Every structure is written in C-alpha cells, then in structure tokens.
Amino acid sequence: MGEAPTVRVTLSRPAFKALLQRGIGIPDGTGTSVREFLQRTLGIDPAYVEEQLQTVFLDGHPVDDFDRARVRPGAVLALSGAMPGLAGATMRRGGYYARMREGITHAGAHGTDGSAEEGVVIVKLFNRTLADLAETLAKRPLLVPGDAVGSLDPEAEVDGWVLVAVTLA
Amino acid sequence: MDTILRIDVGAAGGPKATPTPVGDYAGLGGRGLTSAIVATEVPADAHPLGPENKLVIAPGLLSGTAASMSGRISVGCKSPLTGGIKEANAGGQAGQLLARLGYAAIVLEGARQGDDLYVVRISKDGVTITADPSVRRATNYQLMDKFLGEYDKTGAMIAIGTAGEMGYGNSTVSITDMEGRPTRHAGRGGVGAVMGSKGIKAILIDAKGAKSRKPADPEAFKAASKAWVEGLEKHPVTGEGLPAYGTNVLTNVINEAGGLPTRNFATGQFEGASKISGETQAELEVARGGSATHGCHRGCIIQCSGTFVNKDGRYVTKQPEYETVWAHGANCGIDDLDVIAELDRLDDDYGLDTIEMGATIAVAMEAGVAKFGDGQAAIELVREVGKGTPLGRILGSGTATTARVYGIEHAPCVKGQAMPAYDPRAVKGIGVTYATSPMGADHTAGYAVATNILKVGGDVDPLKAEGQAELSKNLQIATAAVDATGMCLFIAFAVLDQPDTFQALVDLLNAYYGWNLDAAGVAAYGSKILAFERDFNQRAGFTSADDRLPRYFKREPLAPHNVTFDVSDAELDSVFG
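Residue numbers (the working numbering), protein chains in the order written: chain A, 1 to 169; chain B, 170 to 746.
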C-alpha cells in the first residue's frame, strides 16, 4: 500500500462499531506473535488479553496459543469474549471442547516465517471487545474501507482503503 | 407435582380430563417424563397423527419452585417430522404455572371424535373443556387477542397456530411469555401437529391462588438457590454476554470460524453477517426504543431475549434468536434484520419452527422457487405456508420433503429434521451429535454440562483429536439430565466452567426432593432418558444407517477452510455402541 494522506473523520459510536465488526486495517506490527500484536501494537492491557479475549480467530482459525500464532501481512485477526453454547465453548481458546473443531484450529506458526515484515493487519472486534476496545483503537491511525467514510479525495484511497484519524461523536 | 392430567379426546360427549397419580413415573420431569410416557405407552409403529400417539406436556423437576431459571417446559410425542421419539422444550410462563397447580404432566390421548376444536381451561378449581368453533384457523396472535384477558394476570396459554391445525411436519406448540405473547415455542419435530390431531387448539392455565412448590429441606434449598444465582451472575457468558446481545452474539463468531451455513450450507461465511449480528441487532433495538435485555419467564436472571420494534417503534416480535437469524438470514442470503424479524413474527403466528422453516426456504431457493437474498419472496413463502396453499403445504412438511419434491440432493437433514446453525464440517463434534441424537439434527441435544465435571465415561485428553464420539455421548447424557430439570439450557455455560455452580444445581434437586444425587447419579439419570428414547427409535425401525449425516457433507468441502465431515461411521456407531 502506497503513501496516502490521513483523513480526519468524525463517526458516531454505532457507526464506528459497525466498522469494527466488518474490520479495520492496522498499518504496522506484522511479523509478531498474536500476543505481541495485541499488547504492543494495539496497546491492550496484558491482563485483558489473557482474561477477556477468550475467543480469537486468525484468518478464520480459532487460536489456542497467542505466543505460537504469528501475524503476517494481510492477516485477519478477530477478537471476542467467551461465547455461549456448545459451539461457543468449542471456539474458546484452549477450551475443553476445542477438539470438537480440530479441523479448523490454527496450527501455530505454520505458514509464517516469523520475520518483522511490514504490512496491514485487519482487526475485527465482536461483542464485549467492541465496548471495551473501541476507544483504544480510535486513538490510533486506522485504515477503513473508502465506502465506509464516503471519501471524496481519490488520492486518499489506496486499494479501496483510506487512512483515517477518527474522532468519536 | 404428583398428578398427571390425562385428557381422553375420544371420550363420549367430548374430551374428558382425568387426574391420575404419577405412579411409576415418580421422580421424572421434563424430557425424562415425556420420553418415559411416550416410550412406554405409545406403540412405536403408531402413525404420529393417529389415535395411538400421545402428546405429553411436562414441566421440569424444579419448575414451579423458587429456583431461578427453572421455567422450561417439555413437549413430547412420536414426531411427525422424524418418525422417532421427540422432545421439544420452550421457555415462557406455562411450565412454572402448571407445576404450581400440581401437574407433573398433561397427556393428550385417544381418538378424536368429529372435527370440533376444543379449548382446555385449567385452574386450581379443576379442568373444563369446551368446543369453540371461533378458534378454527386462528393464528397464535389471534388466539392471544381472544384469550389474553383470561390469562394475562396469573396465567399462560399453550396453543397451536394454523400449522399445527393443518398437521404440518413443521409445527410448534406455542407458550406465552411474561407479556402473554405467543413467542416461546416447543419448536422442533412437528409437535404442534400432534396437538392438532387431538383436536385441542389451546390450553389456558390460570394459576391464581397456586403457591410456589415447597422443598423437602427448605434451608438447604435456600442455600443452594443462593449459590446457584451467584454462579450464574458471575459467569461472563450468563452474567454479561447473553444479557447484552442475546444468543445472536454467535453470528459474528461462528461466521468468522467459517461455520455459519450460508445459502443452504453452500459456504461457511456470509458477507452480510455484520449486518445481522447480535451486536448490530442490539444497537438497532435500543435505538428504536425496543429492548436488548429481557427474560422469557419470571425468575429468569440471564435475560437473553429482547423486544424487536419496527422503525416506528411498534412491537414486531421478541428478539430473534441466533438460530432464527441464521435460518432466515445467512442460510437464505438475507442481510436485513427487519425482514428476519418479520419472518420470526410470521413463524410465531402460524406456529412454525424457525430453524426448519429457514432451512426449507433455503432448499426452495436452491431449487429456484425464489432467489437467495430475496427477503420479500421469503416472507411470501411463509405466508403460503400459513394459508395452506398447495406450495405452502409442501414447505410446511419440512426441509427433507421439500428437497424431495424439488429433486434437490442438498437437504441438510438427519432423521428428517433440518440441521441448525453450525456447519458440521467446521465443527465436527457437533456433527457427531447431529448424526446420533435420537431427536434428529439438533444442536441442543448435546449442549450441556461439563462432561469433565460429570466424568461420565472417564476423562478424555482434550488435546487429542480422537474421542469426538465419547464427548458427544457424554454431552447428550448431560443434556438429557438438564432437560429433565426444567432448567434453561443456557445455564450450561456457567455449569460448564464452574464446578461449584454444577454442584449447586445438584444441591437444588437434592434439597427439593430429599435425594442424595451425586454427579454419577445425574449421569445415570441422563443415560436412562436416552435409553428410553433410543429403545423407542429402534422399535420404530431406526438403525445405525439413520445415525449419519447426508453423504454430501463428506464429499463437498466447505469454504473457507475447505473441510469435509470425515468422522468415520465406526466412530459414529461407537457413540452408543
């Protein structure tokens, strides 16, 4: 993704939460473990990471080990609290029923080289993490889909994404 | 709760109610009682809509007590949809009230005489049954309008809509909620058609003057009840997640996992998921003046339901649950919450199971009857079902029948019942339960209670891929036991994680009945229920060949993970082998 100006946008909290469910781009921090990405790049409190992020997906695969799973450029990382139901229990990080979804479980460092390669990571927030982490993410530059902010500046949009500084209304 | 109310619909002069002692069925409740009566008294080769079948309506063992979350009610029979034994359960007010009136069950039995439709009224003063021509072809909300004045203060209504009256394989028994609305349904398996076949349209319960049931050991019950509530309130799912977003909180997560069946199980992710998620739904409900946090019966502290209102702030339906949002949403390619809410309302009104109806519409869409994503077409199809047009009758017969009529292989059914909202290729352990449950494809059949706490069948290493069969068996045993208590299955989340909360549940049963049940006893109780059910199904002609998923789930990979259901037949057979 090339250089582009940062666009200042003001979003209502519901609109920002809708964006966070679809996914926003984080421009840096790839090549690290999921834990490092969450704590260092996103600035999430380590205790919150350990205790509240009970359901986490990397490229759609449930993650059991935050230290083994690595974030590569283009990765999609989705964060959620503990979920209801047997399906919710099976998706839970390191849960007793994790084996019931072993066919889709994230295979640790498989497919990544672990280097500190630069790139964009797509982050999605669901359920309680929307309420808990929206303000944290709003404090940093984010890439959002151009259609979501109605960008009229063609130079601001690169590959369909716009780099924005968000103010929450 | 020492009385079974037997209503002989074939009695001379019209249906006759006779209170009978609970007798050999003492100690059974909810699913335990419905399955025991059906397995014992209904010939396995009976036609589901014939005079030999019975409809059993039973509160749980703890229903009508002061124990929180104990309002579930079970409805059992031989299923018109599966041809096997069926238990479907629901929330709402009726379970608590029937139990307080002293009834362990209502049994509708016998050969209907003539085609009159009857309304049953039950109070502490007795039972009356009257023919009422005005209820013919009434929908559930029309019945509410007619009878609300009778039951709104101290009562509840159990009823069938037009689907049950027309004998559909997809037909529910509705139970009214705290507001008297017919929003809670014993949904699966066509139980409404069996009630219709007995000529009973509605049962009005008036519990005025009835008291909470008294435990054998009041002090121990009080202590257990306190621990029980504390356990539910401290758990992140029952204490926070469900009250805030309802069960539809699962849409985003299951979609992200690639397990959200989309467009008749063609793929595992829906591009419109975030538009219909629980998070979006809750925002919309609150912004319009509805509610995202509400209980379905008094005594519920999880409050996973809500109230969905339209753009003008007018009530449409209760908050559609995850299964409904999936069935009418992702599975039909529909990403509009207003359309989904309208479909939910129609399902409740006609008395249709939302899972079966959504799965059926998706099959019809694959067959070209309508286009995926066409919400108005979906609404019109459900209206056809409610009216009983020829097309509506086909659709109302269920997903498997609709697929046969249109020559579609992709019928996502087991034992004739449509799969719920989790693709078994992505979550194979749930697929094992879909395949082997006596109920047909059912996500709630293997839902509850920590098998690691019960330790039925020994400990299984959770890090090994093997053992899906053992897990499924243990979950099914535990679920059957919970279904007998009258407790909402959503307690499972807390019980799953917190051994002291599980112990509080056991303590509630022991304090109420004066039992000395332990974890092994709970497991034995659940096993006994499953034994009733599997025995009935075997006598009805089911074999291991029926404990299978449709073959295409083994053959066609599911995107995005490109996984198939590869659990072997031998492992499936080992679940109850």
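The C-beta atom is built at its ideal place from N, Cα and C for all residues, glycine as well. Please read these numbers as outputs of a predicted model, since none were measured by experiment.
Residue pairing by DSSP places A/L79 opposite A/V56, A/L125 in a beta bridge.
When rounded, the separation of the alpha-carbon atoms in B/G349 and A/I26 is 49 Å.
In this structure, B/S204 keeps its C-beta atom at 7 Å or more from the C-beta atom of B/I646. Among the residues of chain A, those whose CB is under 8 Å from the CB of B/S446 are Q21, F126, following chain order. For B/V455, not one C-beta of chain A is nearer than 7 Å to its own C-beta. Inclusion of B/R200 and B/D652 in the CB contact set at 7 Å is warranted, their separation being smaller than that value. Close to B/P405, with beta-carbon spacing below 7 Å, are these residues of chain A in chain order: G81, A82. Less than 7 Å divides the Cβ of B/G279 from the Cβ of B/D177. Closer than 7 Å at the C-beta level to chain A, one finds these residues of the segment 398-422 of chain B: P405, V406, E409, G410, L411, Y414, T416, V418, L419, N421, V422.
Between A/V144 and A/V164, the gap from beta carbon to beta carbon is short of 7 Å. Here A/Y48 carries a helix assignment [DSSP, helix/strand/coil].
With fewer than 16 other Cβ atoms from the protein chains shown falling within 10 Å of its own Cβ, B/Y484 counts as exposed.
Comparing C-alpha distances from B/N309 to each of B/N339, B/G338, B/R353, B/K293 shows the shortest one belongs to B/R353. Cβ-Cβ separation between B/L718 and B/P607: approximately 16 Å, too far for a contact (criterion under 8 Å). For the set B/G598, B/A663, B/A700, the Cα lying nearest the Cα of B/T733 is the one of B/G598. When C-beta distances to chain A are compared with 7 Å, the residues of the segment 583-607 of chain B below that value are Y591, A595, V596, K597, G598, I599, in chain order. Between B/G427 and chain A, the shortest Cβ-Cβ separation is below 7 Å. A residue is called buried once 16 or more other Cβ atoms fall within 10 Å of its Cβ, and B/T297, having fewer, is exposed.
A direct Cα-Cα distance of roughly 9 Å separates B/T476 from B/V455. If the five residues before and after B/Q282 are omitted, its C-beta is found closer than 7 Å to the C-beta atoms of G179, all from its own chain and listed in chain order.
For B/H730, the nearest CB of chain A lies under 7 Å from its own CB, placing it at the interface with that chain. Apart from the 5 residues on each side of it in sequence, B/S566 sits with its Cβ closer than 8 Å to the Cβ of Y337, G338, N339 in its chain, given in chain order.
Secondary structure of B/N643 (DSSP, three-state): helix. In the structure shown, the three-state DSSP call for B/G576 is coil. Looking at the backbone, the Cα of B/V601 and that of B/M526 are separated by about 23 Å.
Less than 7 Å divides the Cβ of B/A332 from the Cβ of B/L521.
Annotation for B/K540: no residue places its beta carbon closer than 6 Å to its own, counting only its chain and skipping 5 residues before and after. Here DSSP, grouped into helix, strand and coil, assigns B/P593 to coil. Within the segment 132-146 of chain A, no residue has a Cβ lying closer than 7 Å to any Cβ of chain B.
If you draw a 10 Å sphere on the C-beta of A/P141, you find fewer than 16 other C-beta atoms in it, and that means exposed.
The C-beta of A/L130 comes closer than 7 Å to at least one C-beta of chain B. Around B/G555, the same chain offers T331, Y519 as residues with beta carbons nearer than 6 Å, after the five sequence neighbours per side are excluded.
The segment 60-77 of chain A makes contact with the segment 30-47 of chain A, as at least three CB pairs between them are under 8 Å. Against chain B, the CB of A/F16 has no partner CB under 7 Å away; the residue lies outside that interface.
Counting the other Cβ atoms within 10 Å of the Cβ of B/S381 gives fewer than 16, which makes it exposed. Contact check for B/A604 against B/V583 passes: the beta carbons are separated by less than 7 Å.
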